[in-house]
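Chemist:
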Amino acid sequence: MRSKWLVALLAAALVLSLMAGCAKKQPAEAPKPPPEKILVFARGSDSVSLDPAMIVDGESAKVCNNIYDNLVRYKADSTEVEPALAESWESPDGIVWTFHLRKNVKFHDGTPFNAQAVKFNIDRQAPDVRVPDMAYADFTLGMIDKVEVIDDYTIRFTLKYPYAPFLLNLAMGLSAPICSPTAIQKYGADYGMHPVGTGPFIFERWDKEQQIVLKANPEWWGGKPKVDKLVFKVTKENAVRANELLAGEIDMMDGVDPNDVQRIQADPNVKLIQAPGMNINYMGFRVFKPPFNNQKVRQAVSMAIDRKTLVEHLYQGNSLLANGPLPPCLWGYVPELKPYDYDPEGAKALLAEAGYPNGFTMDLLCYPNPRGYNPVGGERLGEAIQADLAKVGIKVNLVSKAWKEHLAACAGTDGHAYLIGWMGDNGDPDNFLYILLHGSQSEGMNYSHYANPQVDDLLTKAQQTSNADERLALYKQAQEIIVRDAPWVFISHAMDMVAMRKNVTGFKIHPTSSIFLWNVDK
Amino acid sequence: MLNYTIRRVLMLVPVLLGVSLGVFLVGALQADPTRIMLGQHATAEAVAALREELGLNDPILVQYGRYVLRLAQGDLGRSWLTHSPVSVEIKARFPHTVELTLAAMALAVVVGIVAGIISAVRQYSVADYTTMVGALLGVSMPIFWLGLMLISVFAVELRVLPVSGRLAAGVETGLRSEFYILEALFTGKWAVLWDLIKHLIMPAVALAAYSTALIARMTRSSMLEVVRQDYVRTARAKGLSERVVIYKHALKNALIPVVTVIGLQTGYLLGGAVLTETVFSWPGVGSLAVAAIQNSDYPLVQGCVLLVAAVFVFINLAVDLVYAWIDPRIHYA
């Protein structure tokens, strides 16, 4: 019998010595320590594809941002554009746009970059040839009527109508980046796994659900990136990702959980940077049916919700209180807008005036998961609203569905109100106001079916005017009417957060939430 | 025996057919997949074109018939999200799950059986109580919590093991297959192998905890039953040493229920250890299934469910065959 105990002891000793063996080594030590400088950026899920024409999600765009160049690009800390593959451009009327292209640029596969390559990229997404999966083509490039090659380094776009945000669209990470025509022809449907651009980093390898490895492009026209290799690592759990950062296994991460903010800030080896995000978190009313077809009822509900307290408690300082549909980091934001203030007594009076002295019962569509604009998830926000509205006699039934099903429900006509939000695509107010609140968008993302002819008129005019000051005035006027009409309860704008090791330098949070890493060093 | 095996393999067909009907209906009754595939900016024409392309306008029976026909040809369809064939996605992920499962089961079987035997042979001793309290903890601790605790102790505080993933990020390994550990072992890439093992330890321990506890408890109760039987007394009476009595005579018979548990547990884990794979960002079938569900990517969900069903049928078959080997009284005609 004694020998059995001996065996057990030996086994235990073996396990312990193995552990001790590990203890002498550093955790992230590579099998062969490479001499290169590797920057590891961890995020919560993998990319879907690296073909910019085929993608709709941020995780794919994040990687594409560092492989591809566009004709123009956003400045490092604003949504203004600056030259990229196009060195200069002109448009006398906002309809015809001529771009003069950068010379001596080559794609990573050696294909020369020229006007033909640009035309190829636009043409493959033209309405008559594009495949259904090119879901952003219509939004980003749909206003283009024709593309002409003037010479090798000059290209001319003719638009169907004047469209002010056109330049910003060309800077977007979805649909607009320029890919190597040779590679697209070579790989066909598999191009998304073999991306070839002209950008700062060259695609090296993609281990699905693990990592995407890029290497620096020494010949990039913008200068060689600061690190030799860039790794986009997938770590699904927010808390686990934070642990990796604290343990020094990764250099940077996004998707910081509000629950981890404190321990990240407490560690002297890491830093957390925050910036207002280009998003809006809101509750929309179904304005096409009772009771919310009555402006007084919408106003009353807006007044019954204590937005300030709600935002403070729910988001703990990681979101800003909204005063209208646009976030403060976007031009066109009007700081002096005054949405209806918290006033439960006034709300009750208004309800009585509208014929609901005893309140009513309403269905509120919501979703369980966190979103970029609502880090605590829709159900918790819904419960907070439910509690406030109960105080003025309105009974709220929460109808929660998984995210994709929730989107489908919002696009339908169920319920009396819905929780949702929006994260901007291109840094233009049109990308919030027109697509979410223009009467023509009721089949699209104007789930409220809000349609005020005066607002529609202002928004259409602003879309087709190229003078920035004029546009600003039009958007201001439109927002004042929208806030008075109250088709939504404007709740909050979530802050973007990126955490990194102390030695990481040169990173700025971009308002579009794009991740640009060529200037980042460690 | 051969006849029996063939018969059992043929039974796979109706089982998978039944499962396929179930998973097909779950997919078919869902909200419009075209919206899921095309995103919020999609135009009405694009949605209509895609519906036509996917055959969603046909009657549901026609759709199912087409689905089964494709299935029979080994075509599991294409993922709605990535557009690559489901079989390719699963093939790329299954080896990761297999390696993790084998490691966890090896740990669970060795530790579980040894602990169970010690506990049974020394019933009511300190060792017995310790083992059984440990086993109770093992079955009651949520894997998710255990995983996070392991990470904070061994990876963040002590820094002896890496937090998550299969390999250190960005390192050129030269591995060509998805069976990383096996390949590194057979091609002699020792540095890579060492890195792989360090990444394997915590997920394997977390995953093994529940199975180890279950096997230990099952071994103990089964052993206690067997050692009281007449033939064991006879063996002792004829003067065999305690070691031979326990290991040669008692253990083999006591193992029959344990083998069932091991088989079932292996089946569960091969279907994708959902929580463990999520906590440790292990790129296996479990995390694939979770992502597929979150994205409402039904072809992929269907593929994962079919895989789990097939694995279970094969494991059950293997368990039945092992019975015959352990216990000569059992035999199949």
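The listed protein sequences correspond, in order, to chains C and V.
Under this note's numbering, the first sequence has 326 at position 111, and the numbering climbs by one with no breaks.
Under this note's numbering, the second sequence has 327 at position 85, and the numbering climbs by one with no breaks.
Each residue gets a CB set at the ideal place from its N, CA and C atoms; glycine is no exception.
(1) Per DSSP, what are the beta-bridge partners of residue 428 of chain C in this structure?
(2) When DSSP labels each residue in this structure, what does residue 606 of chain C get in the three-state scheme?
(3) Following the continuous beta strand (DSSP E) through residue 312 of chain C, name the residue where it begins and the one where it ends.
(4) Assuming residue 279 of chain C is part of the alpha helix (DSSP H), what are its boundary residues?
(5) So who's on the other strand from residue 708 of chain C, going by DSSP bridges?
(6) Please return the same chain residues whose Cβ sits closer than 6 Å to the Cβ of residue 608 of chain V, not counting the five positions on each side in sequence.
(7) For residue 464 of chain C, which option in V:398, V:310, V:512 has the closest C-alpha, if you only look at C-alpha atoms?
(8) Would the stretch 381-392 of chain C count as touching the stretch 635-648 of chain C if we require 3 or more Cβ pairs under 8 Å?
(9) Going by Cα to Cα distance, which pick from C:485, C:336, C:284 is closest to residue 396 of chain C?
(10) Secondary structure at residue 345 of chain C, three-state DSSP: helix, strand or coil?
(11) Do you know whose CA, among C:419, C:459, C:496, lies nearest residue 484 of chain C's CA?
(12) Against residue 393 of chain V, what residues of chain C qualify as contacts under a CB-to-CB distance less than 7 Å, listed in chain order?
(13) Taking all protein chains shown into account, decide if residue 312 of chain V is buried (16 or more other Cβ within 10 angstroms of its Cβ) or exposed.
(14) Which bits of chain V does residue 194 of chain C rub up against, with CB to CB less than 8 Å?
(15) Taking C-alpha atoms, which residue in C:267, C:398, C:339, C:663 lies nearest to residue 327 of chain C?
(16) Rank C:267, C:557, C:634 by C-alpha distance to the C-alpha of residue 405 of chain C and give the top, closest one.
(17) Is residue 495 of chain C close to chain V, meaning its C-beta is less than 9 Å from at least one C-beta of that chain?
(18) Can you list the residues of chain C that residue 418 of chain V reaches, using a CB-CB cut of under 7 Å?
(19) Measure how close the beta-carbons of residue 743 of chain C and residue 285 of chain C come, nearest whole angstrom, since I'm counting them as under 8 Å.
(20) Thinking C-alpha only, which one of V:504, V:571, V:516 is nearest residue 347 of chain V?
(21) Check the Cβ of residue 468 of chain V against every Cβ in chain C and list those closer than 7 Å, keeping chain order.
(22) Look up residue 579 of chain C in the DSSP assignment and give the residues it is bridged to.
(23) Can you check which of these residues, C:636, C:572, C:627, C:631, is closest to residue 608 of chain C by C-alpha distance?
(24) Rounded to whole angstroms, what is the Cα-Cα separation between residue 565 of chain V and residue 501 of chain V?
(25) Which residues of chain C have a Cβ atom closer than 9 Å to the Cβ of residue 455 of chain V, listed in chain order?
(26) Using a Cβ-Cβ cutoff of less than 7 Å, which residues in the same chain neighbour residue 514 of chain C once the five nearest sequence positions on both sides are dropped?
(27) Which term fits residue 314 of chain V, buried or exposed, when burial requires 16 or more other beta carbons within 10 angstroms of its beta carbon?
(28) Near residue 248 of chain V, which residues of its chain fall below 6 Å by C-beta distance, leaving aside the five closest residues on each side in sequence?
(29) Confirm, please, whether the CB-CB distance from residue 430 of chain C to residue 444 of chain C is below 9 Å.
(30) Closer than 8 Å, Cβ to any Cβ of chain C: which residues of the stretch 292-318 of chain V, in chain order?
(31) In angstroms, rounded to a whole number, what distance separates the CA positions of residue 474 of chain V and residue 367 of chain V?
(32) By alpha-carbon positions, which one of C:495, C:665, C:451 ends up nearest to residue 521 of chain V?
(33) Helix, strand or coil for residue 497 of chain C? Go by DSSP, reduced to three states.
(34) Give a yes or no on whether the minimum CB-CB distance between residue 450 of chain C and chain V is below 9 Å.
(35) Closest by CA to residue 734 of chain C, which one among C:603, C:545, C:720, C:726?
(36) May I ask you to report which of helix, strand or coil DSSP gives residue 298 of chain C?
Modeler: So, to answer that:
(1) The partner list for residue 428 of chain C (beta bridge, DSSP) reads C:420, C:446.
(2) In the three-state scheme derived from DSSP, where H, G and I count as helix and E and B as strand, residue 606 of chain C is classed as coil.
(3) Its beta strand (DSSP E) spans residues 311-316.
(4) First-last of the alpha helix (DSSP H) with residue 279 of chain C: 273-282.
(5) In DSSP, residue 708 of chain C forms a bridge with C:535.
(6) The structure shown has nothing for residue 608 of chain V, since chain V only spans 243 to 575.
(7) The candidate whose alpha carbon is nearest that of residue 464 of chain C is V:398.
(8) As far as the Cβ criterion goes, the stretch 381-392 of chain C touches the stretch 635-648 of chain C, which means the pair count is three or higher.
(9) For residue 396 of chain C, the closest of C:485, C:336, C:284 by C-alpha to C-alpha distance is C:336.
(10) Shown here, residue 345 of chain C sits in coil according to DSSP, grouped into three states, outside any helix or strand.
(11) Just measuring C-alpha positions, the residue of C:419, C:459, C:496 sitting nearest residue 484 of chain C is C:459.
(12) Those are 455, 458, listed as they occur along chain C.
(13) Per the 10 Å Cβ criterion, exposed.
(14) Since the first residue of chain C shown is 216 and the last is 737, residue 194 of chain C is not available in this structure.
(15) Checked all of C:267, C:398, C:339, C:663; the closest Cα to residue 327 of chain C is C:398.
(16) When each option's Cα is compared against that of residue 405 of chain C, the closest is C:267.
(17) Cβ-Cβ to chain V under 9 Å: no for residue 495 of chain C.
(18) The contacting residues do not exist; residue 418 of chain V stays about 12 Å from chain C at best.
(19) With chain C covering only 216 through 737, there is no way to say anything about residue 743 of chain C.
(20) Selection V:504, V:571, V:516 evaluated against residue 347 of chain V yields V:504 as nearest (Cα-Cα).
(21) Neighbours of residue 468 of chain V on chain C: none; closest Cβ ~17 Å, over 7 Å.
(22) Paired residues: C:613, C:632.
(23) Checking every option, the nearest Cα to that of residue 608 of chain C belongs to C:572.
(24) Distance from the CA atom of residue 565 of chain V to the CA atom of residue 501 of chain V, rounded to whole angstroms, is 8 Å.
(25) What residue 455 of chain V touches in chain C: nothing, since even the nearest Cβ is about 17 Å away.
(26) Cβ neighbours of residue 514 of chain C beyond the five flanking positions: 555, 565, 701.
(27) A residue is called buried once 16 or more other Cβ atoms fall within 10 Å of its Cβ, and residue 314 of chain V, having fewer, is exposed.
(28) No residues qualify anywhere along the chain.
(29) Yes, the Cβ-Cβ distance between residue 444 of chain C and residue 430 of chain C is below 9 Å.
(30) Answer in chain order: 292, 295.
(31) Computed Cα separation, rounded: 21 Å.
(32) Restricting attention to C:495, C:665, C:451, the CA atom closest to the CA of residue 521 of chain V is found in C:451.
(33) Correct three-state label for residue 497 of chain C: strand.
(34) Flagged as an interface residue toward chain V: residue 450 of chain C, by a C-beta distance shorter than 9 Å.
(35) Here the closest residue by C-alpha is C:720.
(36) Residue 298 of chain C: strand per DSSP, three-state reduction.
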